[in-house]
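Peer 1: Those protein sequence lines, which keep their order, are chains A and B.
Take 1 as the starting number for the first sequence in the working numbering and just add one per residue.
Take 348 as the starting number for the second sequence in the working numbering and just add one per residue.
The beta-carbon is built from N, C-alpha and C at its ideal position, and this holds for glycine as well.
2 protein chains.
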Amino acid sequence: MRRPGIKEVAEQSGVSIKTVSRVVNGETAVRPETRHRVLDAIQRLGYVPNTAARSLKSGTGGAIGVVIDSLADPFFASLVSAIETRALTEGLSVLVASTGLDADREREQILSLVAGHQVAGIIFAPVAEELPYLEPFRKVTPVVAVDRASAAFDSVVVDDYAATSVAVQQLVGLGHERIAFYDRDERFSTILRRYRAYQDVLEAAGIPVDPDLVSWTVDGALDYSAETARLFALSDPPTAFFASNSKAGIGLVTSLAHIGRENTAMIAFGDFSLADVLRPAVSCIDQDPFLIGNAAIERLLELRALPVSEPREWVVPTTLLRRGSGEIPAPLRPAVSAVGSTRGGAL
Amino acid sequence: MRRPGIKEVAEQSGVSIKTVSRVVNGETAVRPETRHRVLDAIQRLGYVPNTAARSLKSGTGGAIGVVIDSLADPFFASLVSAIETRALTEGLSVLVASTGLDADREREQILSLVAGHQVAGIIFAPVAEELPYLEPFRKVTPVVAVDRASAAFDSVVVDDYAATSVAVQQLVGLGHERIAFYDRDERFSTILRRYRAYQDVLEAAGIPVDPDLVSWTVDGALDYSAETARLFALSDPPTAFFASNSKAGIGLVTSLAHIGRENTAMIAFGDFSLADVLRPAVSCIDQDPFLIGNAAIERLLELRALPVSEPREWVVPTTLLRRGSGEIPAPLRPAVSAVGSTRGGAL
DNA sequence: ACGAGCAACGACAACGTTGTCAAGCATCTG
DNA sequence: CAGATGCTTGACAACGTTGTCGTTGCTCGT
């Protein structure tokens, strides 16, 4: 017994396949009585329309593609979760693909989704700066970028610069003059924006930006324990940390705990699980993945209906969650003597 | 300019569409020179085979379906991540669908995947006990259950009973006689198995199982703060906790912290982020989602190739991560007298 | 009563791909 | 050299669905 198609339904209800198609697609030109007969047969046979045939005919299928760094990252997982939930109400499925931050793989995945699966839309966290190969599809497949800005597409982001400014300003206001920028990862435009805010706030406060206080991810990896040790071994070590993303925040918290320096001032960009249970509780810039995911899918659905429109940037608000670690004042410092100059600070 | 199909490639390289198809599918019966001409044209045109047409023809498509409770759950997120990574190497995409633990929605999602999208296989965490509607597809679509056992399908699980036994035994060995079973959620067969192990270990040790020490999830929700408060308000409160899943573990840790009782003995089933940074670090039964996901996808790939075979259960090993919280001994207790009795305890 | 107009429905092609079958061609066998 | 064999290739149908267009039968206005 093969699975029933539109044909079997037609036979069972004594109408043509076209009429079944009409009923399934909710077209109006069907007599109520006929419609009822067809629905009955559908029910009885357990008919489910074949998505493949549908998208073959219509040129665009019943799924949307989501391309992200990795699902193992809780931020992206929640993002996709929000998207999937909303997509379900629209009768759309979600195809996930991960890039592992590799531009080639990003290309491969996006092409597979757009050209292969003919997705009804793409939501993605861009890795490469430009995606020329996507051009031929622009007219037919709506695309929304998330988390990272993109000149060419609609994008849903948070105001990295403003949020970081508030956080760093708070640390400066507490007397910190040695603030580490923990994990500057050149691969992400968002982090570069956060770094710029860090720089600007320090400069505005007359505090020199010390390259020694900047931690770098090189070749995609940063050994948090080693890096934290390096920072504390400096002749003039940091009194506060700004973690540029939640992974770095977790790494920092962990490495601080390992060396028994839990009680260090820090703020992380991006909330993480249990941040409020640690002692001290970790102050975070809350960048809500559900909010971002929702905004992205809503925008995508709009784009599906609308004709073409100019790419826009959609900014999702953030909050600074003041939990404790970001409210620790700088320690009193004795006046320093020689070359390194007087950097007394306090309260 | 339409997107190029097999037809355009055929024209460009001066062969028939069938030969292009042969090249694309890596069939051998093509002269190297012809093959080269075709590959050239494919390259030049940026041809990508249309998945919809393919699965329409073959009756089974280039994606596998993964159906889980929610992607927002880090356990499932990592699980799907492992699956997606492996699927990519096989040229398969991943369709995710969440159930929200609703059996009806599970049905809807699975049918959409199997009948609608004609997925090449299904990996799912079963909600309902039985899935009769899946029967007609059994012959053509391989199915693997994860995390929760299922009689009808191959399933990848951990040995809940054994792992729980070890954990509870450890607590008993440390002198605990009042061990709470934190979050008995009837909806999950895994949790019921863990509960049985808890019961059996206590009984074997001659410790009565006190219903007051069992926390229940009712209607899918448990207020962790209230529940923790209730337990400590008992005339004879627990001295140790067994959290039956990581969500409960996180909830427990959080609520303990809120009332300043961090220093309570506990073991959680399921590791979670930062468990090793908390003070005390939280002892967990590590149920590695990557291991489970990998086992599931490997099994699925096997089933795709193989003819039918008897459903089997695949048990993935777990480890008890002894980090501190599970190694806290019971407080000394004065000898107990009569019935209602004095049960004061304390250091 | 008669044609116009409309609502309901059906026949057929087409979407892009692969499976079936057969044809073309060169090489080998006796 | 005829026929057999093997390798490479192509024509055509089919997968399940929807769009196009045509057909049928009814209602309405005159």
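By DSSP, does residue 529/B sit in helix, in strand, or in coil?
Peer 2: Three-state DSSP puts residue 529/B in a strand.
Peer 1: Please name the residue in 304/A, 204/A, 310/A and 284/A whose C-alpha comes closest to that of residue 250/A.
Peer 2: The candidate whose alpha carbon is nearest that of residue 250/A is 284/A.
Peer 1: Pull up the distance between the alpha-carbon of residue 674/B and that of residue 618/B, whole angstroms please.
Peer 2: Whole-angstrom Cα-Cα distance: 16 Å.
Peer 1: How about residue 415/A: is its C-beta nearer than 8 Å to some C-beta of chain B?
Peer 2: This structure gives no information on residue 415/A, because the portion of chain A shown stretches from 1 to 347.
Peer 1: Going by C-alpha to C-alpha distance, which of 366/B, 529/B and 360/B sits closest to residue 711/B?
Peer 2: This structure cannot speak to residue 711/B, because chain B is shown only from 348 to 694.
Peer 1: To be precise: take each residue of the segment 385–398 of chain B, compare its Cβ to all Cβ atoms of chain A, and keep it if any distance is under 9 Å. Which residues remain?
Peer 2: Residues 393, 394, 395, 396, 397 and 398.
Peer 1: For the segment 80–98 of chain A against the segment 26–37 of chain A, are there 3 or more C-beta pairs whose distance is under 8 Å?
Peer 2: No contact exists between the segment 80–98 of chain A and the segment 26–37 of chain A.
Peer 1: Please report the Cβ distance between residue 300/A and residue 126/A, rounded to the nearest whole angstrom; I am assuming they are in contact, meaning their Cβ atoms lie under 8 Å.
Peer 2: Actually they do not touch by this definition, with Cβ atoms about 15 Å apart.
Peer 1: Rounded to the nearest angstrom, how far is the Cβ of residue 3/A from that of residue 544/B, given a contact under 8 Å?
Peer 2: That belief does not hold up - the Cβ atoms of residue 3/A and residue 544/B are roughly 42 Å apart, past 8 Å.
Peer 1: In three-state DSSP terms, what is residue 437/B?
Peer 2: Residue 437/B falls in the coil class under three-state DSSP.
Peer 1: Tell me which residues of the segment 303–315 of chain A have at least one Cβ-Cβ distance to chain B shorter than 8 Å, keeping chain order.
Peer 2: For the segment 303–315 of chain A, which is checked against every Cβ of chain B, not one residue is closer than 8 Å.
Peer 1: Between 7/A, 189/A, 263/A and 9/A, which has its C-alpha nearest residue 148/A's C-alpha?
Peer 2: Residue 148/A has its Cα closest to that of 189/A, out of 7/A, 189/A, 263/A and 9/A.
Peer 1: Residue 380/B touches chain A at which residues, Cβ-Cβ below 7 Å?
Peer 2: Those within 7 Å of residue 380/B in chain A number zero; the least Cβ separation is about 27 Å.
Peer 1: Which residues in chain A have a C-beta closer than 7 Å to the C-beta of residue 601/B? List them in chain order.
Peer 2: Under the 7 Å cutoff, chain A gives 277.
Peer 1: Label residue 453/B either buried or exposed according to how many other C-beta atoms from any shown protein chain fall within 10 Å of its C-beta, with 16 as the threshold for buried.
Peer 2: Buried, by the Cβ-count rule.
Peer 1: Going by CA-CA distance only, name the one from 169/A, 324/A, 191/A and 87/A that's closest to residue 158/A.
Peer 2: Of the listed residues, the one whose Cα sits closest to residue 158/A is 191/A.
Peer 1: What is the DSSP secondary structure of residue 477/B, counted as helix, strand or coil?
Peer 2: Reduced to three states, the DSSP call for residue 477/B is coil.
Peer 1: Sort 592/B, 613/B and 605/B by Cα distance to residue 586/B and report the nearest one.
Peer 2: Of the candidates 592/B, 613/B and 605/B, the one whose C-alpha sits nearest the C-alpha of residue 586/B is 613/B.
Peer 1: For a cutoff of 8 Å on Cβ pairs, would you count residue 458/B as touching chain A?
Peer 2: For residue 458/B, the answer is yes, since a Cβ of chain A falls inside 8 Å of its Cβ.
Peer 1: So for residue 500/B, helix, strand or coil by DSSP?
Peer 2: Coil, per DSSP.
Peer 1: Have a look at the DSSP bridge pairing and note the partners of residue 286/A.
Peer 2: Its beta-bridge partners are 319/A.
Peer 1: Using a Cβ-Cβ cut-off of 8 Å, state whether residue 463/B counts as contacting chain A.
Peer 2: Yes, because at least one Cβ of chain A sits closer than 8 Å to the Cβ of residue 463/B.
Peer 1: Here's the rule I'm using: 16 or more other beta-carbon atoms within 10 Å means buried, otherwise exposed. How should residue 523/B be labelled?
Peer 2: Per the 10 Å Cβ criterion, buried.
Peer 1: Nearest chain B C-beta to residue 325/A closer than 8 Å, yes or no?
Peer 2: Cβ-Cβ to chain B under 8 Å: no for residue 325/A.
Peer 1: Cβ of residue 77/A within 8 Å of Cβ of residue 419/B?
Peer 2: Their beta carbons are under 8 Å apart, which means residue 77/A touches residue 419/B by this criterion.
Peer 1: Going by beta-carbon coordinates alone, are residue 625/B and residue 600/B separated by less than 8 Å?
Peer 2: Contact: yes.
Peer 1: Just list the residues that DSSP pairs residue 217/A with in beta bridges.
Peer 2: Answer by DSSP bridge pairing, in chain order: 185/A.
Peer 1: Output yes if chain A places a C-beta closer than 8 Å to the C-beta of residue 444/B; else output no.
Peer 2: It does; some Cβ of chain A falls within 8 Å.
Peer 1: Would you say residue 24/A lies against chain B (beta-carbon separation less than 8 Å)?
Peer 2: Judged by the 8 Å Cβ criterion, residue 24/A is not in contact with chain B.
Peer 1: Does DSSP classify residue 65/A as helix, strand or coil?
Peer 2: The answer is strand: DSSP assigns residue 65/A an E or B state.
Peer 1: Can you tell me the Cβ-Cβ gap for residue 457/B and residue 469/B, rounded? I've got them flagged as a contact below 8 Å.
Peer 2: Their Cβ separation, rounded to whole angstroms, is 7 Å, which keeps residue 457/B and residue 469/B in contact under 8 Å.
Peer 1: Would you list, in sequence order, the uninterrupted beta strand (DSSP E) runs of no fewer than 3 residues that lie entirely inside the segment 30–82 of chain A?
Peer 2: Counting only runs of 3 or more, we get 63–68.
Peer 1: Quick check on the DSSP output: the alpha helix (DSSP H) that includes residue 573/B runs from which residue to which?
Peer 2: Its alpha helix (DSSP H) spans residues 571–580.
Peer 1: Are the C-beta of residue 272/A and some C-beta of chain B separated by less than 8 Å?
Peer 2: Closer than 8 Å to some Cβ of chain B, the Cβ of residue 272/A qualifies, so yes.
Peer 1: Put residue 619/B into one of helix, strand or coil per three-state DSSP.
Peer 2: Coil, per DSSP.
Peer 1: Closest by CA to residue 67/A, which one among 51/A, 95/A and 298/A?
Peer 2: Comparing Cα positions, the closest option is 95/A.
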